[in-house]
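Participant: I'd like to ask some things about the structure below.
Protein chains: 2
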Amino acid sequence: MAKLHLCSPAGFRASGVYAGIKSREVPDVGMIVSDFVASAAATFTTNKVVAAPVIVGRKHIANGRLHGIVVNAGNANACTGKQGLADARMMCHLAGIAIGCDETQVLPSSTGIIGHLLPMDKIERAIGHAGHALGRDREHALNFSDAILTTDLVRKEAATTVTIGGKAVTIAGVCKGSGMIGPRMAVPHATMLAYLTTDVGAAPIQLRKALARASDLSFNAVTVDDHTSTNDTCVLLASGMAGAKLANARAAAAFQDALNDVCQSLAYQIAADGEGATKVVKIRVKAAKDEMSATAIARTIANSPLVKCAMHGNDPNWGRIVSAAGYAGVAFDPDRCTLQLQGVTVFRNGKPAEFNAATLSKKLDAKEVDVLLDCRLGKGQAICFTCDLSKQYVTINADYHT
Amino acid sequence: MAKLHLCSPAGFRASGVYAGIKSREVPDVGMIVSDFVASAAATFTTNKVVAAPVIVGRKHIANGRLHGIVVNAGNANACTGKQGLADARMMCHLAGIAIGCDETQVLPSSTGIIGHLLPMDKIERAIGHAGHALGRDREHALNFSDAILTTDLVRKEAATTVTIGGKAVTIAGVCKGSGMIGPRMAVPHATMLAYLTTDVGAAPIQLRKALARASDLSFNAVTVDDHTSTNDTCVLLASGMAGAKLANARAAAAFQDALNDVCQSLAYQIAADGEGATKVVKIRVKAAKDEMSATAIARTIANSPLVKCAMHGNDPNWGRIVSAAGYAGVAFDPDRCTLQLQGVTVFRNGKPAEFNAATLSKKLDAKEVDVLLDCRLGKGQAICFTCDLSKQYVTINADYHT
Chain B
1 MAKLHLCSPA GFRASGVYAG IKSREVPDVG MIVSDFVASA AATFTTNKVV AAPVIVGRKH
61 IANGRLHGIV VNAGNANACT GKQGLADARM MCHLAGIAIG CDETQVLPSS TGIIGHLLPM
121 DKIERAIGHA GHALGRDREH ALNFSDAILT TDLVRKEAAT TVTIGGKAVT IAGVCKGSGM
181 IGPRMAVPHA TMLAYLTTDV GAAPIQLRKA LARASDLSFN AVTVDDHTST NDTCVLLASG
241 MAGAKLANAR AAAAFQDALN DVCQSLAYQI AADGEGATKV VKIRVKAAKD EMSATAIART
301 IANSPLVKCA MHGNDPNWGR IVSAAGYAGV AFDPDRCTLQ LQGVTVFRNG KPAEFNAATL
361 SKKLDAKEVD VLLDCRLGKG QAICFTCDLS KQYVTINADY HT
Chain A
403 MAKLHLCSPA GFRASGVYAG IKSREVPDVG MIVSDFVASA AATFTTNKVV AAPVIVGRKH
463 IANGRLHGIV VNAGNANACT GKQGLADARM MCHLAGIAIG CDETQVLPSS TGIIGHLLPM
523 DKIERAIGHA GHALGRDREH ALNFSDAILT TDLVRKEAAT TVTIGGKAVT IAGVCKGSGM
583 IGPRMAVPHA TMLAYLTTDV GAAPIQLRKA LARASDLSFN AVTVDDHTST NDTCVLLASG
643 MAGAKLANAR AAAAFQDALN DVCQSLAYQI AADGEGATKV VKIRVKAAKD EMSATAIART
703 IANSPLVKCA MHGNDPNWGR IVSAAGYAGV AFDPDRCTLQ LQGVTVFRNG KPAEFNAATL
763 SKKLDAKEVD VLLDCRLGKG QAICFTCDLS KQYVTINADY HT
């Protein structure tokens, strides 16, 4: 089977073109178009500072229907006042002309620097080109996935198939995210930029429910710098062209599992490509008082710069992990808990465990580090993904703008 | 007037000696001794993982009286189980012998790596030496202030005099803190290691009230990495030997102001000596909905690695500051607010303000950067101090342990 991509679900075309917003000559304006009006659901940032495309996108998706998505990278169109709102609407208007639909059937997204007006002359030309460049093959899907990247080093895509009602249903997604990654666990859920397509038939309310759950288990469990963006957006479009519907609980569960898989793969890729990252740190908390406590502990550990630096240095400095758990603001008793790094017990019942630091340090020198904290307080569990903190992170973020 | 120091308040002696816990040959065990039993108050970490000396110290100060303080650096005696508790009590016992008092009249502190038992043979010898080495002059005070340092590059001291009831009262303090600095705003207040002496006469309850307020305005407003330590301790000893008492509201207010000054100076020195810091970033939030909101916004901005990297790069990337304010979880309306960097308006009423980026970047290349966010929502205000995030931070923390 050929590798699945964003346009593998029946009924979708995509494109990515260079508008001249990014300094490197790589795609920076992209479109996804559904052949017919699609069922749609989205989740957006919970930041109180909301970028113009998010304000416009929320309105356009309110009725659960979309015909297309238009995205630019290199400029976030955030903190840009009334002109920014007009520009976001104009992006939809121009995409609507290319698609042949009303501007209210298009969802806009932008990502990049905050506080600069979009170069609308470049964007207008690029959207025209992107409309002509739409296609259904892998190359077109990849052009779109490249068009949404900013400080990302690699494109991020995932896809799967699932049989529902005897029919093969495909779910595919692409996303971007490397810095300013700290989605908030609030409802509605915050995410980074992610676009998902499927050919299942589903009502908007079914998609909303499935997307909320999948977000919780994926994008909401990844953090690079805990900085919630003004532009976070995740959209799921369903064309219905597979001939299968979410007609019963079994179908919904099968779809949910497959959607979770796609979203978790994308979220993992974001952690792996976190700014300056050399490894993924997977933090598993089990037997916390409840799920909320487990999540708070996992996230507090994941966000500690001291923990992230220790992971960068392959340093089994477990005191930083246990002390981070202690200030998560939820129930935690060091005298009951056990901590394992890469399967090696380093702390048990309030006391250090014997281990060979040199051997463990070698084990920490891996592309993925597993941190397992068993709290022995209850049944709450959570997983959070982060990356290490390197000098490269400072290089990237001290010189991004000027 | 000679420069004031920790032993300038009448009735205190101090010392610092090398026990061999630190790898560099600098003092690592110190004592402060009051000539007579002193009134005392302390605040401790709110981390659920509490180091042995904090557990012991809380008990010993419960009656508001102390005769001395014994501290070691290089080893935190945290996550060390029952043996750790016995070792902390033994430190008090040995110091009590040197002072000539009961072990329950001594408060112990430790700072350094978590999860290692104290080298008690070295500590025992060192406490004996420290008892013999006690003195009242500046050199002895400096030996103590050096003995409490870990990754700090400079010693931190502050002192002032205030006239109370016609008498000159002196307040002096030393502290340490460079990494794992993120005291929590909870009650009881968390702080880093700080030791304060005064010769005013005061009841323990008066000291507790004054210290809680001073902590809020100083140590609780500084963050380097938001990582609340297991060992944070702040102790205030009052000898009463100045002949002045906190006899009325006017005396209490004068003492409070002077104590605030000393604590704020110490807290500022911690931000300035934050791990890898090249500058202090002073974040002032005004006209927030209330003081809690102002504090949350200031602290969220102060903890954003993206903001801290931008400050390191002299980058007027104000979008990171406004977006951090937006995810503080409290009321915030970008369309009402104004942001100034070094006095230059960069954002006003939801829109970018015109400014010369190159000129502002030069202004950001300073030892102190002033960030002023006017929220225009209410009367809440707060100040938070942090430092920039440099590659040196990563170097220090990726290689600290192994």
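Those sequence lines, one after another, are chains B and A.
Just so you know, the working numbering puts the end of the first sequence at 402, numbered straight through with nothing missing.
Just so you know, the working numbering puts the end of the second sequence at 804, numbered straight through with nothing missing.
The beta-carbon is built from N, C-alpha and C at its ideal position, and this holds for glycine as well.
(1) When you compare each of A42/B, I97/B, I21/B and Q105/B to N75/B by their alpha carbons, which one comes out closest?
(2) Which term fits I376/B, buried or exposed, when burial requires 16 or more other beta carbons within 10 angstroms of its beta carbon?
(3) Are the C-beta atoms of T632/A and some chain B residue less than 8 Å apart?
(4) Establish whether the CB of D627/A and some CB of chain B are separated by less than 8 Å.
(5) Counting along the chain, where does the alpha helix (DSSP H) carrying A249/B start and finish?
(6) Does any C-beta atom of chain A lie closer than 8 Å to the C-beta of F255/B?
(7) Taking only runs that begin and end inside the stretch 593-652 of chain A, name each unbroken beta strand (DSSP E) of 3 or more residues, in chain order.
(8) Hey, is the stretch 217-235 of chain B in contact with the stretch 34-42 of chain B, meaning 3+ C-beta pairs nearer than 8 Å?
(9) State yes or no: is the beta carbon of K319/B nearer than 8 Å to at least one beta carbon in chain A?
(10) Under 8 Å by Cβ, that's how I've got G459/A and P510/A pegged, so tell me the actual separation to the nearest angstrom.
(11) How close, in whole Å, do the beta carbons of V796/A and H312/B come, if the pair is a contact with beta carbons under 8 Å?
(12) Below 7 Å on C-beta distance, what does C777/A contact in chain B?
(13) Taking Cβ to Cβ, would you say I805/A is nearer than 8 Å to G165/B?
(14) In three-state DSSP terms, what is H5/B?
(15) Whole angstroms is fine: what's the gap from K781/A's alpha carbon to D735/A's?
(16) Near T160/B, which residues of its chain fall below 7 Å by C-beta distance, leaving aside the five closest residues on each side in sequence?
(17) Just the chain A side, please: which residues come within less than 9 Å of F347/B by C-beta, in chain order?
(18) At a CB distance below 9 Å, what residues from the stretch 165-180 of chain B approach chain A? Give them in sequence order.
(19) Are the CB atoms of D489/A and M522/A within a distance shorter than 8 Å?
(20) Would you check if the stretch 603-610 of chain A and the stretch 643-657 of chain A touch, i.e. whether three or more CB-CB distances between them fall below 8 Å?
(21) Opposite A561/A in the DSSP bridges: which residues?
(22) Taking only three categories from DSSP, how would you classify P754/A?
(23) In terms of DSSP beta bridges, what is F44/B paired with?
(24) When the Cα atoms are used, what is the spatial distance from G343/B to K558/A?
(25) Short of 7 Å Cβ to Cβ, which residues in the stretch 291-306 of chain B face chain A?
(26) Can you pull the DSSP bridge partners for I123/B?
(27) Just tell me which of E25/B, L66/B and D28/B has its CA closest to the CA of D35/B.
(28) Does R426/A pass the burial test, meaning 16 or more other C-beta atoms within 10 Å, or should it be called exposed?
(29) For T359/B, name the three-state secondary structure that DSSP assigns.
(30) Just verifying my parser: in three-state terms, what is the DSSP assignment at V435/A?
(31) So V472/A packs on C494/A, CB below 8 Å; how close in whole Å?
(32) The stretch 779-795 of chain A: which residues have C-beta closer than 8 Å to a C-beta of chain B, in chain order?
(33) Measuring alpha carbon to alpha carbon, tell me which residue in G533/A, K484/A and C481/A is nearest L496/A.
(34) For S512/A, go through chain B and note every residue whose CB falls closer than 9 Å to its CB, in chain order.
(35) In its own chain, which residues sit with a C-beta less than 6 Å from the C-beta of C384/B, not counting the 5 before and 5 after it?
(36) Does any residue of chain B have a CB that is nearer than 8 Å to the CB of S725/A?
Facilitator: Considering the structure as presented:
(1) Here the closest residue by C-alpha is I21/B.
(2) Per the sequence presented here, residue 376/B reads as Arg, with Ile not at that position. R376/B is exposed by the Cβ-count criterion.
(3) Interface criterion met: the Cβ of T632/A is under 8 Å from a Cβ in chain B.
(4) Contact of D627/A with chain B is assigned, a C-beta pair being separated by under 8 Å.
(5) Unbroken alpha helix (DSSP H) run through A249/B: A249 to A272.
(6) No, because no Cβ of chain A sits closer than 8 Å to the Cβ of F255/B.
(7) The beta strand (DSSP E) runs of length 3 or more contained entirely in the stretch 593-652 of chain A are, from start to end of the chain, 596-600 and 635-640.
(8) With the cut-off at 8 Å, the stretch 217-235 of chain B and the stretch 34-42 of chain B touch.
(9) The amino acid occupying residue 319/B in the given sequence is Gly; Lys does not appear at that position. For G319/B, the answer is yes, since a Cβ of chain A falls inside 8 Å of its Cβ.
(10) Right, the Cβ-Cβ distance comes to about 6 Å (below 8 Å), so this counts as a contact.
(11) With a Cβ gap of about 7 Å, V796/A and H312/B count as contacting.
(12) Close partners of C777/A in chain B (Cβ separation under 7 Å) are lacking, with about 11 Å as the shortest Cβ gap.
(13) Residue numbering for chain A in the displayed model covers 403 to 804; residue 805/A lies beyond these limits and cannot be assessed.
(14) In the three-state DSSP reduction, H5/B falls in the coil class, being neither helix nor strand.
(15) When rounded, the separation of the alpha-carbon atoms in K781/A and D735/A is 15 Å.
(16) If we look at T160/B and ignore the five residues flanking it on each side, its Cβ neighbours are I171, A258, D261 and V262.
(17) Neighbours of F347/B on chain A, chain order: C481 and G517.
(18) Within the stretch 165-180 of chain B, the residues whose Cβ lies closer than 9 Å to some Cβ of chain A are G179 and M180, listed in chain order.
(19) Between M522/A and D489/A, the C-beta spacing is below 8 Å.
(20) Enough Cβ pairs lie closer than 8 Å, so yes.
(21) As DSSP reads the structure, A561/A sits in a beta bridge with A574/A.
(22) Annotated three-state conformation of P754/A is strand, per DSSP.
(23) Beta-bridge pairing links F44/B to T233/B.
(24) Computed Cα separation, rounded: 41 Å.
(25) For the stretch 291-306 of chain B, which is checked against every Cβ of chain A, the residues closer than 7 Å are S304, P305 and L306.
(26) None, per the DSSP bridge assignment.
(27) Ranked by how close their Cα comes to the Cα of D35/B, the residues E25/B, L66/B and D28/B have L66/B in first place.
(28) Per the 10 Å Cβ criterion, exposed.
(29) Helix at T359/B.
(30) Here V435/A sits in strand by DSSP.
(31) Taking C-beta atoms under 8 Å as the contact rule, V472/A and C494/A qualify, at a distance of about 7 Å.
(32) Within the stretch 779-795 of chain A, the residues whose Cβ lies closer than 8 Å to some Cβ of chain B are L791, S792, K793 and Y795, listed in chain order.
(33) When the alpha-carbon of L496/A is set against those of G533/A, K484/A and C481/A, the nearest one is in G533/A.
(34) The contact set of S512/A on chain B, defined by CB atoms closer than 9 Å, is empty, because the minimum CB distance reaches about 12 Å.
(35) Leaving aside the five residues that flank C384/B on each side, the residues in its chain whose CB is nearer than 6 Å to its CB run, in chain order, A221, I283, A298, R299 and A302.
(36) Under the 8 Å criterion on CB atoms, S725/A is classed as interfacial with respect to chain B.
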